[in-house]
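First comes the structure, then the notes that go with it.
Residue numbers (this note's numbering): 48 to 345.
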């Protein structure tokens, strides 16, 4: 038997390092999709995540559904929900009213985002709204002592003039009251680890959770990535080549890639992971199992 290499040892050991996880869902467009979402939520409840978040559509178009789902999670499960709020399409008064409503319902965690315009239009702040996420974070903190998560971009936000400007913007959001950052997804672990080092050097001391996206539809991920500035390595394209009509193999490859990504990050000391579930619980559940995140036994 060949000895285990020095590269393999820390990755193997990472499976035994305690980690915390959170999950992101999106509001479904139909009742059938709502049933699928709720099945995914129930599947992941036993893993006791730190929180689960529910997204907003572009332009705030799913505001009502987001609120309904967040409220249902809060009242019908043991999970701690976080509601996404965006600057796009809302006045300050509307955002503040939504936040107060969440607080009154016992929801204490908000993911504060600038948001995207519908149909890929260039960003335009609402004339009476919060211009950017940093402004919303400060406004939310004036309303109540919310836990606030904000977005971070290891490969730089596509609208930012430079990586340094983007990092400074994250620091401003933290200084305004954000208590956690969640990264845009990425596929090369080294990208996140370099970003983590840059955050530390910039004096950003709040937790920065890597965003993990298990790839089930490679063509869709390519489109998403082109819009959000996430790099898609050639090796990832090669892994999914020829699998367009083989969903089962795609799922196995997706789980393997994401699990290895997480284990490498864990071996480097990362102990928080935020999963973009796409309302699919099976892959996320398997990856969490590999990371040692499992249902608690009596």
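Glycine is no exception: its CB is placed at the ideal position from the N, C-alpha and C atoms. Small disclaimer: the values here were computed from a predicted structure and weren't measured.
By alpha-carbon positions, which one of the options ends up nearest to residue i?
| i | options | result |
| --- | --- | --- |
| residue 191 | 157, 297, 174 and 266 | 157 |
| residue 322 | 315, 184 and 305 | 305 |
| residue 231 | 204, 344 and 247 | 204 |
| residue 129 | 102, 224 and 265 | 102 |
| residue 219 | 250, 89 and 264 | 250 |
| residue 257 | 264, 196 and 296 | 196 |
| residue 93 | 132, 112, 117 and 124 | 124 |
| residue 162 | 333, 274 and 302 | 274 |
| residue 239 | 201, 248, 216 and 222 | 201 |
Within 10 angstroms of its Cβ, does residue i collect 16 or more other Cβ (buried), or is it exposed?
| i | result |
| --- | --- |
| residue 342 | exposed |
| residue 288 | exposed |
| residue 87 | buried |
| residue 137 | buried |
| residue 79 | exposed |
| residue 291 | exposed |
| residue 65 | exposed |
| residue 133 | buried |
Output the boundary residues of the alpha helix (DSSP H) element that contains residue i.
| i | result |
| --- | --- |
| residue 88 | 78-91 |
| residue 71 | No alpha helix (DSSP H) contains residue 71, which is instead part of the beta strand (DSSP E) from 67-72. |
| residue 299 | 294-314 |
| residue 320 | Counting along the chain, residue 320 falls outside any alpha helix (DSSP H), though it belongs to the beta strand (DSSP E) covering 319-323. |
Counting only the same chain and skipping the five closest in sequence on each side, list residues whose C-beta sits under 7 Å from that of residue i.
| i | result |
| --- | --- |
| residue 70 | 91, 96, 99, 322, 324 and 331 |
| residue 131 | 100, 101, 102, 103, 113, 158 and 160 |
| residue 301 | 261, 262, 263 and 330 |
Specify, as a first and last residue, the run of the beta strand (DSSP E) that residue i falls within.
| i | result |
| --- | --- |
| residue 178 | Run containing residue 178: none; DSSP gives neither H nor E here. |
| residue 199 | 194-199 |
| residue 387 | What is shown of the chain runs 48 to 345, which leaves residue 387 out entirely. |
Ignore the nearest five residues each way along the sequence and tell me which others in residue i's own chain have a CB closer than 8 Å to its CB.
| i | result |
| --- | --- |
| residue 243 | 255 and 317 |
| residue 280 | 234 and 235 |
Looking only at its own chain, which residues have a Cβ that is under 6 Å from the Cβ of residue i, when we skip the five neighbours before and after it?
| i | result |
| --- | --- |
| residue 246 | 255 |
May I ask you to verify whether the stretch 207-215 touches the stretch 164-184, counting CB pairs closer than 8 Å and requiring at least 3? no
Quiz item: Are the stretch 234-251 and the stretch 177-187 touching by the rule of at least three beta carbon pairs closer than 8 Å?
Solution: no
inquiry  = Whether or not the stretch 291-308 and the stretch 328-343 are in contact is what I'm after, with contact meaning three or more pairs of Cβ atoms, one per stretch, closer than 8 Å; do they touch?
reply    = yes
With a threshold of 8 Å, are at least 3 pairs of Cβ atoms found where one atom belongs to the stretch 220-228 and the other to the stretch 268-277?
no
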